[in-house]
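In terms of the numbering used here, the sequence shown opens at residue 537 and continues consecutively.
Just so it is clear, CB atoms sit at the ideal spot from N, CA and C, and this is done for glycine as well.
A quick write-up on the structure given underneath.
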Amino acid sequence: MDRLPGFRDFYPEPLPHKDVWSIDARNYIFNTWEKVLSYYNFRQYDGPPLEPLELYTLKSGEEIVGQLYNFIDKGDRNVSMRPEMTPTLARMVASHERNYRKPIKWFSIPQLFRYERQQKGRLREHFQLNADMFGESSPEADAELIALLIDILRSFGLTAEDFVIRISSRKAWSDFFNAHSSDPSKAYAFYQIIDKLERESPEISSQKLAELGFDYDEISQFIASGTPTEELQTILKNLEARKLSEFVKIDYGVIRGLAYYTGIVFEAFDRKGHFRAIAGGGRYDNLISLISGGKLDPITNTVKGGKVNMPSLGFGMGDVVLTELLKERGLLPSFNPTLDIYALIENESLRPQTLSAIETFRQNGYSVDFSLTPLKSEKQFKRAIDLNAIWSFRLQQNTSENAPTFFIKKLSTRQESSFSTLQDVLNLISSNH
Ligand code: HAM
537 MDRLPGFRDF YPEPLPHKDV WSIDARNYIF NTWEKVLSYY NFRQYDGPPL
587 EPLELYTLKS GEEIVGQLYN FIDKGDRNVS MRPEMTPTLA RMVASHERNY
637 RKPIKWFSIP QLFRYERQQK GRLREHFQLN ADMFGESSPE ADAELIALLI
687 DILRSFGLTA EDFVIRISSR KAWSDFFNAH SSDPSKAYAF YQIIDKLERE
737 SPEISSQKLA ELGFDYDEIS QFIASGTPTE ELQTILKNLE ARKLSEFVKI
787 DYGVIRGLAY YTGIVFEAFD RKGHFRAIAG GGRYDNLISL ISGGKLDPIT
837 NTVKGGKVNM PSLGFGMGDV VLTELLKERG LLPSFNPTLD IYALIENESL
887 RPQTLSAIET FRQNGYSVDF SLTPLKSEKQ FKRAIDLNAI WSFRLQQNTS
937 ENAPTFFIKK LSTRQESSFS TLQDVLNLIS SNH
């Protein structure tokens with residue numbers, strides 16, 4: 537039976553087929569993400585993979601709602617698999633933010649589900665690192681988050697020649713919108729057209745913009761001008777102090793498709809333009825108040841009446857484009873699992889004593905493998921080599937009255953030593969580890 541389109545099977549390496557994904561590469565990516573997040577003092581959280589449908593229909597915007605994996609559950613509830621983490625996180629933070637010192641800096645690596653048209657870099661399921669901050673309205677926080685994104689990508693060996701963070705301002709766009717339109721209900725449709733500008737033909741974009749009363753050329757000029765707002769200038773200065781300027785550029789071609797962004801927005805792209813966005817995020821200062829019961833005033837773009845109100849910002853980075861990019865650049869390490877000890881059982885009468893030794897090795901933190909059923913000695917030895925074992929271990933009993941002797945061999949040099957106690961074997965291994 538085939539798997540569903542847009543879903544992946546993850547196998548251990550070496551991979552059996554080009555159509556499957558590597559669990560080793562995935563773990564490498566997750567571990568690297570977590571390492572850099574710890575340097576930035578982010579704490580981990582998680583939430584449910586299934587949520588009330590409403591959480592997304594109200595907060596994420598139409599585009600994502602069209603991509604939901606939603607259904608009615610056995611209790612007649614309208615539910616959806618999570619297409620993104622941000623609404624869940626906003627709900628969690630709104631409920632219990634009082635228990636945490638500000639700014640809250642949290643991350644998670646959820647698996648997300650979107651019923652998208654399958655294409656390069658976009659599947660129906662992906663893992664997405666989410667790094668978010670709450671309780672900090674200064675642009676210094678936006679700069680910290682962008683620096684985190686840069687450092688994560690650098691930690692995979694990517695350089696300023698490989699990627700660029702395009703930084704923009706939803707606020708600059710909303711000012712542009714308000715200067716040209718008096719109908720705030722059209723703002724989201726307008727942002728959607730701008731978000732797709734680079735992927736859509738100019739004729740279609742131009743026509744859609746005209747329907748909303750906008751001129752394509754004027755918009756192209758606004759994007760080309762790229763004059764940084766005051767907020768963007770602060771961010772650029774901050775990044776310059778960190779010597780990270782070469783990784784970023786101001787680019788009003790970015791606006792972000794999701795509805796809830798309010799301020800600085802940014803996306804990471806490969807410089808060669810071979811792939812879809814590697815990561816994207818920004819500031820969403822209204823979402824917590826919306827989630828906690830507030831009502832949006834579309835004229836001022838502020839929320840009134842929410843129980844909790846907190847400045848918020850973050851980004852998401854998927855595993856799909858990142859893996860493809862690292863593969864293309866030859867930056868994925870090779871994954872050769874090693875084993876500490878392979879235990880050979882050359883005489884089945886020694887199996888119970890060998891099992892006892894194996895248990896001791898494992899209790900001491902060594903990885904051990906052995907043949908679960910009788911097997912010719914040569915075959916066991918070959919398996920030790922195939923498994924990349926550092927040591928082979930065996931017991932030998934010369935006469936039935938004597939206690940067995942413990943043999944330990946370093947497979948790289950084939951040098952074997954014998955001992956009368958297991959403790960001596962452990963001492964040898966630990967002194968060579
Ligand atoms: P997003 O731009 O929808 O943002 O997704 C962020 C990243 O997730 C993308 O740049 C891409 O790497 C990856 N991604 C998204 N959809 C797919 C897909 N179908 N297949 C593979 N990868 C995908 C958000 O989701 C925001 N909630 C991020 C955020 C966090 N904003 C603030 N905090």
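Just the C-alpha distance for Q603 and S756, rounded to the nearest angstrom, thanks. 29 Å
Same chain, Cβ closer than 6 Å to S825, neighbours up to 5 away in sequence not counted: If we look at S825 and ignore the five residues flanking it on each side, its Cβ neighbours are V839, G842 and N845.
For T909, which of N883, I921 and S903 has the nearest alpha-carbon? Per the Cα distances, N883.
Proximity test, L886 beta-carbon vs ligand 1 heavy atom, cut-off 7 Å: no
Going by the C-beta, is Y820 closer than 7 Å to any heavy atom of ligand 1? yes
How far does the beta strand (DSSP E) with A996 in it extend, from its first residue to its last? Nothing can be reported for residue 996: it is not among the residues displayed for the chain, which extend from 537 to 969.
Rounding to the nearest angstrom, what Cα-Cα distance links E754 and I600 in this structure? 28 Å
Apart from the five residues just before and just after R539, which ones in its own chain have a Cβ nearer than 8 Å to its Cβ? The residues D545, in chain order, have a CB closer than 8 Å to that of R539 in the same chain once the five nearest residues on each side in sequence are set aside.
For V856 and I759, what's the separation of their Cα atoms in angstroms? If you take the alpha carbons of V856 and I759, they lie about 29 Å apart.
Whose C-beta lies closer than 7 Å to the C-beta of S568 among residues of the same chain, with five residues either side of it excluded? Checking the sequence, you will find Thr at residue 568 rather than Ser. Hits under 7 Å: S691 and F692.
Looking at ligand 1, does it come within less than 7 Å of L659, judged from the CB to the closest heavy atom? Answer for L659: yes, Cβ within range of ligand 1.
Thinking C-alpha only, which one of A879, E860 and F897 is nearest S966? F897
Can you give me the start and stop residues for the beta strand (DSSP E) that Y878 sits inside? L875 to L880
Any heavy atom of ligand 1 within a distance shorter than 7 Å of the CB on Q647? no
Whole angstroms is fine: what's the gap from L911's alpha carbon to L891's? Straight-line Cα distance between these residues: approximately 15 Å.
Just verifying my parser: in three-state terms, what is the DSSP assignment at N567? helix
With W927 and D960 assumed to form a contact (beta carbons below 8 Å), what rounded beta-carbon distance in angstroms separates them? So it is not a contact: roughly 14 Å between Cβ atoms.
DSSP three-state assignment for S953, whether helix, strand or coil: strand
Please list the terminal residues of the continuous beta strand (DSSP E) segment that includes V904. Here the beta strand (DSSP E) through V904 covers V904 to F906.
Kindly examine ligand 1 and report whether one of its heavy atoms sits closer than 7 Å to the Cβ of E914. Because no heavy atom of ligand 1 lies under 7 Å away, the Cβ of E914 does not count as near it: no.
Could you check which residue in P552, T622, F578 and Y605 has the C-alpha nearest to that of L589? Y605
Beta strand (DSSP E) containing T941: first to last residue? T941 to K946
How about the region 858–868 and the region 806–814: do they share at least three Cβ pairs that are nearer than 8 Å? yes
Going by the DSSP bridge assignment, what does Y547 pair with across the sheet? Beta-bridge pairing links Y547 to S558.
Taking contact to mean at least 3 C-beta pairs separated by less than 8 Å, is the region 774–790 in contact with the region 676–687? yes
Classify S825 as helix, strand or coil using the three-state DSSP reduction. When secondary structure is reduced to three states using DSSP, S825 falls in the helix class.
Excluding the five sequence neighbours on either side, which residues of its own chain have a C-beta within less than 8 Å of the C-beta of V615, listed in chain order? L586, E587, P588, L589, N606, F607, I608 and D609
Residue ranges of each beta strand (DSSP E) run of no fewer than 3 residues wholly in the region 747–827, ordered along the chain? 784–786, 800–806 and 815–819
In the DSSP assignment, find the alpha helix (DSSP H) that holds A725 and state where it starts and stops. Under the DSSP assignment, A725 falls in the alpha helix (DSSP H) whose first and last residues are A723 to K732.
Quick check: what's the CA-CA separation for I559 versus T763? 44 Å
Rounding to the nearest angstrom, what Cα-Cα distance links L648 and T593 in this structure? 16 Å
Helix, strand or coil, according to DSSP, for R887 in the structure here? helix
Could you tell me if the beta carbon of I814 falls within a distance shorter than 7 Å of some heavy atom in ligand 1? Yes - ligand 1 has a heavy atom lying nearer than 7 Å to the Cβ of I814.
Presumed contact (8 Å Cβ cut-off) between N774 and E672, rounded CB distance: So it is not a contact: roughly 13 Å between Cβ atoms.
For I600, which residues does DSSP report across the bridge? In DSSP, I600 forms no bridge with anything.
Burial state of D612 (16 or more Cβ within 10 Å): exposed
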